[in-house]
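Counting from 1, position 14 in the sequence shown corresponds to residue 14 in full-length UniProt numbering; the numbering is continuous, with no gaps.
C-beta atoms are modelled at their ideal positions from N, C-alpha and C, and glycine is treated no differently.
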Amino acid sequence: PPGKRRSSSRSSDGGAMCGIFAYLNYHVPRTRREILETLIKGLQRLEYRGYDSAGVGIDGGNDKDWEANASKIALIKKKGKVKALDEEVNKQQDIDLDIEFDVHLGIAHTRWATHGEPNPVNSHPQRSDKNNEFIVIHNGIITNYKDLKKFLESKGYEFESETDTETIAKLVKYMYDNCESDGISFTTLVERVIQQLVHLLVLHKSSDSLGS
Numbered sequence: 001p002p003g004k005r006r007s008s009s010r011s012s013d014g015g016a017m018c019g020i021f022a023y024l025n026y027h028v029p030r031t032r033r034e035i036l037e038t039l040i041k042g043l044q045r046l047e048y049r050g051y052d053s054a055g056v057g058i059d060g061g062n063d064k065d066w067e068a069n070a071s072k073i074a075l076i077k078k079k080g081k082v083k084a085l086d087e088e089v090n091k092q093q094d095i096d097l098d099i100e101f102d103v104h105l106g107i108a109h110t111r112w113a114t115h116g117e118p119n120p121v122n123s124h125p126q127r128s129d130k131n132n133e134f135i136v137i138h139n140g141i142i143t144n145y146k147d148l149k150k151f152l153e154s155k156g157y158e159f160e161s162e163t164d165t166e167t168i169a170k171l172v173k174y175m176y177d178n179c180e181s182d183g184i185s186f187t188t189l190v191e192r193v194i195q196q197l198v199h200l201l202v203l204h205k206s207s208d209s210l211g212s
């Protein structure tokens with residue numbers, strides 16, 4: 001794919017930015033309800049960083065086996081403030097909120113829109129495909145996303161949002177689908193993707209550059 005990577009940031013002086021939060025419980029039993037409550041509370045503390053929309057990505061299965069659950073990622077996204085997302089979470093009927101997880105990783109994002117209007121499709125997490133094989137939350141601007149998108153579309157990957165972030169998810173999927181061996185690690189996969197991204201660099205007079 002085309003492109004190089006350089007360091008990236010967003011302005012800390014009132015410029016557009018997003019809030020990112022993750023919660024891992026490892027051999028500490030938590031119900032999905034407790035996990036979602038923690039993710040929502042994390043976003044509430046970060047809401048000043050973006051209030052156009054918000055979303056979470058969690059293990060979506062209702063199985064006792066954590067690996068089976070992890071293969072069924074569920075996305076819940078909503079336009080508006082975190083409160084609207086919280087209300088949407090509690091409306092979910094296909095997800096058992098009371099199932100308990102011994103191991104679980106959830107990610108959450110509150111968005112300040114830069115590419116694409118505020119709506120659920122443009123909200124994060126962005127996904128690699130309809131099966132949610134890879135999901136991404138991101139703060140920053142991918143300045144070469146149009147070139148990456150054109151390349152990925154030429155390879156048959158279909159886009160559903162207007163965001164630059166979706167190109168990351170699709171690029172991960174492309175790299176994974178075309179890796180030289182079945183033994184590629186997730187760390188190596190991410191490193192290869194990052195090498196293809198060109199990020200906007202913003203320096204603020206009162207601080208060093210802020211990585212996104």
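C-alpha gap between residue i and residue j, whole angstroms
i	j	result
residue 105	residue 119	25 angstroms
residue 17	residue 24	24 angstroms
residue 88	residue 187	33 angstroms
residue 99	residue 73	15 angstroms
residue 8	residue 177	Low local confidence applies: a pLDDT of 34 at residue 8 is under 50, so the model's placement there is unreliable, and no value is given.
residue 80	residue 155	34 angstroms
residue 38	residue 183	34 angstroms
residue 140	residue 117	16 angstroms
residue 95	residue 153	33 angstroms
residue 92	residue 36	12 angstroms
residue 131	residue 97	21 angstroms
residue 174	residue 63	29 angstroms
residue 32	residue 55	15 angstroms
residue 146	residue 185	27 angstroms
Residue i at chain D interface by Cβ criterion, 9 angstroms
i	result
residue 72	Going by chain labels, chain D is absent from the structure shown, which holds only one protein chain.
Same chain, Cβ closer than 8 angstroms to residue i, five either side skipped, listed in chain order
i	result
residue 234	The requested residue 234 is not part of the displayed model; the chain covers only 1 to 212.
residue 46	19, 20, 21 and 110
residue 172	128, 134, 136, 189, 190 and 193
From the options, residue whose alpha carbon lies closest to that of residue i
i	options	result
residue 53	61, 147, 123 and 190	123
residue 57	166, 189 and 107	107
residue 48	140, 172, 38 and 111	111
residue 51	77, 63, 153 and 157	77
residue 41	75, 71, 86 and 30	86
residue 29	63, 80 and 101	101
residue 68	34, 103 and 90	103
Identified DSSP bridge partners for residue i
i	result
residue 23	106
residue 127	135
residue 30	101
Same chain only: Cβ atoms within 6 angstroms of residue i, ignoring 5 sequence neighbours per side
i	result
residue 44	82
residue 157	170
residue 60	72, 73 and 74
residue 26	103
Contacts around residue i, its chain only, beta-carbon distance under 7 angstroms, and the 5 residues preceding and following it disregarded
i	result
residue 115	162, 163 and 164
residue 276	The chain is shown from 1 up to 212; residue 276 falls before or after that span and cannot be answered.
residue 149	159 and 167
residue 84	78
With a floor of 3 residues, list each beta strand (DSSP E) that falls wholly inside the stretch 54 to 115, ordered by position along the chain.
-> 73 to 79 and 100 to 111
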